[in-house]
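Counting from 1 along the sequence shown, just add 5 to a position and that's the residue number in the working numbering. We treat Cβ as the ideally placed atom computed from N, Cα and C, and that holds for glycine.
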Amino acid sequence: MFITIYGINNIGKSTQVKLLVERLREAGHETEYLKYPIYDLEPTGPRIDEVLRGGKSQDIGEEELQGYYAQNRRDFEPTLKSWLSEGKKVVAEDYVGTGIAWGVSKGADLEELEKINSGLLKENLAILLDGESFSKDRETQHIHEGNADLMQKCKEVHLMLAERYSWKIVNANRSIDEVHEDVWKVVTSSW
Numbered sequence: 006m007f008i009t010i011y012g013i014n015n016i017g018k019s020t021q022v023k024l025l026v027e028r029l030r031e032a033g034h035e036t037e038y039l040k041y042p043i044y045d046l047e048p049t050g051p052r053i054d055e056v057l058r059g060g061k062s063q064d065i066g067e068e069e070l071q072g073y074y075a076q077n078r079r080d081f082e083p084t085l086k087s088w089l090s091e092g093k094k095v096v097a098e099d100y101v102g103t104g105i106a107w108g109v110s111k112g113a114d115l116e117e118l119e120k121i122n123s124g125l126l127k128e129n130l131a132i133l134l135d136g137e138s139f140s141k142d143r144e145t146q147h148i149h150e151g152n153a154d155l156m157q158k159c160k161e162v163h164l165m166l167a168e169r170y171s172w173k174i175v176n177a178n179r180s181i182d183e184v185h186e187d188v189w190k191v192v193t194s195s196w
């Protein structure tokens, strides 16, 4: 089973993914944790990291950048498929939907982004953590995190994609334990 957790930056995805992985393991499931993009995966990972955290404005077009993300996912896909073929559960923080959400938010065409990502493995379950970001966790060097208007637009695009792709939605603006329990209910009701 391939599960993805989506949401805007600083909404608690890392926390919820790690809690879910831990709970699945405690329940006896072999589980792998994955966070996209894979920054150390050459050649795309370091390039993406440089665009996001290099301290400069974005020097390439959005569809070109999203092409790097899609290639990063393609390059890692053999490992992902291997884990799944071994019967493991895989929980990913971010995936195709993240790239589409950010790309559309920054002006790229939705259908073009879907085309760029075509052929990639589809997740079995996608969960959107919806709510307002936790500003105390903002990464100062990240190109997107200081732009409140862009973050709001991306939140709206995530909700549109949740409807388009039938993602499950969990309210992220509650206690960590409350959010985790809702995520767990969504996961266990899907198998």
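Exposure label - residue i; buried when at least 16 CB within 10 Å
i    : result
W172 : buried
K18  : buried
A97  : buried
D187 : buried
R78  : buried
S195 : exposed
H147 : Caution is warranted here: a pLDDT of 46 is assigned to H147, below 50, making its placement in the model unreliable, and the coordinate value is therefore given only provisionally. So H147 counts as exposed.
E198 : Given a span of 6 to 196 for the chain in the structure shown, any question on residue 198 remains unanswerable.
G50  : buried
I53  : buried
G102 : buried
I174 : buried
S138 : buried
I181 : exposed
E3   : An answer regarding residue 3 cannot be provided, because it is not within the stretch 6 to 196 covered by the chain.
E67  : buried
Cβ separation of residue i and residue j, assumed to be a contact under 8 Å, to the nearest whole Å
i    : j    : result
K94  : T36  : 5 Å
I16  : L130 : That pair is no contact at about 18 Å.
D114 : A177 : Wrong, their Cβ atoms sit about 28 Å apart, outside the cutoff.
V184 : L25  : Going by Cβ atoms, the distance from V184 to L25 rounds to 10 Å, so no, they are not a contact pair.
C159 : I13  : 5 Å
L125 : E82  : 7 Å
Y11  : D154 : About 20 Å; that fails the 8 Å criterion.
N122 : A75  : 5 Å
L46  : D80  : 6 Å
Bridge partners - residue i, DSSP secondary structure assignment
i    : result
L39  : A97
D135 : N176
L130 : I8
Cβ of residue i within 8 Å of any chain D Cβ
i    : result
H185 : You won't find chain D in this structure, because it holds only one protein chain.
At least 3 beta-carbon pairs within less than 8 Å: the segment 62-79 vs the segment 101-109: The segment 62-79 vs the segment 101-109: in contact.
For the structure I just gave you, are there three or more beta carbon pairs, one from the segment 54-61 and one from the segment 77-94, closer than 8 Å? Judged by pairs of C-beta atoms under 8 Å, the segment 54-61 does not touch the segment 77-94, as fewer than three such pairs exist.
Taking only runs of the beta strand (DSSP E) that begin and end inside the segment 11-78, which ones reach a length of at least 3 residues, in chain order? Fully contained in the segment 11-78 are the following beta strand (DSSP E) runs of length 3 or more, in chain order: 36-40.
Evaluate contact between the segment 35-55 and the segment 149-166, counting only Cβ atoms and requiring at least three cross-stretch pairs below 8 Å. Contact between the segment 35-55 and the segment 149-166 is absent, because fewer than three Cβ pairs lie under 8 Å.
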